[in-house]
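Position one of the sequence shown corresponds to residue 27 (the numbering used here), numbered consecutively onward.
Please read the structure below before turning to the comments.
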Amino acid sequence: MTTVTHALAPIILVKLFRLKNDTLTKYDYLWIAISGGLADVLNPHIYLIDRLTSWSHGLPFWVVFTLTLLAISLCFRRKFKLQVALFCSFAYALHLLFDGISGGINLHYPIKTTTGE
Ligand SMILES: [Zn+2]
């Protein structure tokens, strides 16, 4: 998948999920889209081995990213809602899921490697 696809997929899913009572702003959706494509922007990869050794394509970074989002949402409650932080985390996790389906990711990298290195 391309970075643009990674950015648009969570937008579509969140929009479908929130169809009846959508109170999110266009900037909220922008943050969700950025979060969806962030893993590829932080550590671009062309070949599969690059993705398997990418620190941005593992669960440890996702946990750090989610905790950072939660901290930001707690500090700036009015500008960055908790709900948006959770959707951003979901978008990042969706990126990892899609990359995991299409070739795989090294889930615990860099803490533990499963590529045999
Ligand atoms: Zn990726």
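Where a beta carbon is used, it is the ideal one built from N, C-alpha and C, also for glycine.
Distance CB(residue 117)-CB(residue 61) smaller than 8 Å: One-based indexing of the sequence shown puts residue 117 at position 91. One-based indexing of the sequence shown puts residue 61 at position 35. The answer is yes: Cβ separation under 8 Å.
Is there at least one non-hydrogen atom of ligand 1 closer than 7 Å to the beta-carbon of residue 65? Taking the sequence shown and counting its residues from 1, one reaches residue 65 at position 39. At least one heavy atom of ligand 1 is nearer than 7 Å to the Cβ of residue 65, so yes.
Nearest-angstrom Cα separation, counted from residue 81 out to residue 73: Residue mapping note: residue 73 aligns to position 47 of the sequence shown, counting from 1. Residue mapping note: residue 81 aligns to position 55 of the sequence shown, counting from 1. Between residue 73 and residue 81, the C-alpha separation is close to 15 Å.
Outcome for residue 134 when other beta-carbon atoms lying within 10 angstroms are tallied against a minimum of 16: Position 108 of the sequence shown, counted from the start, is the residue given in the question as residue 134. When all chains shown are included, residue 134 counts as exposed.
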